[in-house]
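Below is one structure, written out as structure tokens, with a few remarks after it.
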Amino acid sequence: MRATVLATVPLAFVLLTGCGSGGDGGADVASAGGGASPAASSAASGPTPGGDPYERNLKYAQCMRENGVNVPDPERGKGLMMRFGKETSPEKVQKAQEACKQYAPSGMAGDKADPKRAEAMRKLAQCMRDNGVEAFPDPEGGAVRITPEVGDDPDFKAAQDKCHKEFSDAGPGGA
């Protein structure tokens, strides 16, 4: 089973995806980009609380790799995409995320989500529904968990592209 999590950071579009492997052995995907998004580098480089979202994503990816989870470097403006196959246990991902939490985005690191970000995420969810992805869920706990049913919706990609443009143009925080 593949799960995806979608989140926005200060009105920027952020994709976050489930971090454990699903029961059917398929790959899980995670992505983040935007204002306070994941950035991974070596834990030795020290935390980067604010700053450039791309740099935070890069630091997060590097940190995750240093902690045994293969995460590719992000592409500028596209955020961070993580895919976990059945060979990557949820426990291993959780341990790496804990080690890299100083680079994680707001909400993902267990901190309180910004109310403006939460509202932007609700609007993003509504935008996805308004553009044909009727089963798109509302955000919970700083992220939106996308089930395979939602992620495989034929309208998902077009809605994502439209909503990404709408929200990335709405304010600061893009990666």
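Using our numbering, you'd call the opening residue of the sequence shown number -8 and step up by one each time. Glycine residues also receive a C-beta, built at the ideal position from the N, C-alpha and C atoms.
- Contact between residue 154 and residue 122 holds: their C-beta atoms lie close to 7 angstroms from each other, under 8 angstroms.
- Under DSSP, residue 84 takes part in no beta bridge, so it has no partner.
- Closest in C-alpha terms to residue 83, from the list 55, 106, 72, comes 55.
- Setting aside the 5 residues that flank it on each side, residue 87 is surrounded in the same chain by 54, 55, 58, 59, 60, each with a C-beta closer than 8 angstroms to its C-beta; the list follows chain order.
- Note that the C-beta distance between residue 150 and residue 140 is not below 8 angstroms.
- With a threshold of 16 other beta carbon atoms within 10 Å, residue 77 falls short and is exposed.
- In the structure shown, residue 78 adopts coil according to DSSP, grouped into three states.
- Counting of Cβ neighbours within 10 angstroms places residue 50 among the buried residues, the total reaching 16 or more.
- Secondary structure note for residue 136: it is in no alpha helix (DSSP H), and the uninterrupted beta strand (DSSP E) holding it is 135 to 137.
- Note: residue 55 is not bridge-paired with any residue in the DSSP secondary-structure output.
- Taking 8 angstroms as the cut-off, the beta carbon of residue 116 is found no closer than this to the beta carbon of residue 106.
- A check of alpha carbon separations from residue 108 across 135, 42, 120, 143 identifies 135 as the nearest.
- Secondary structure at residue 66: strand, using DSSP grouped into helix, strand and coil.
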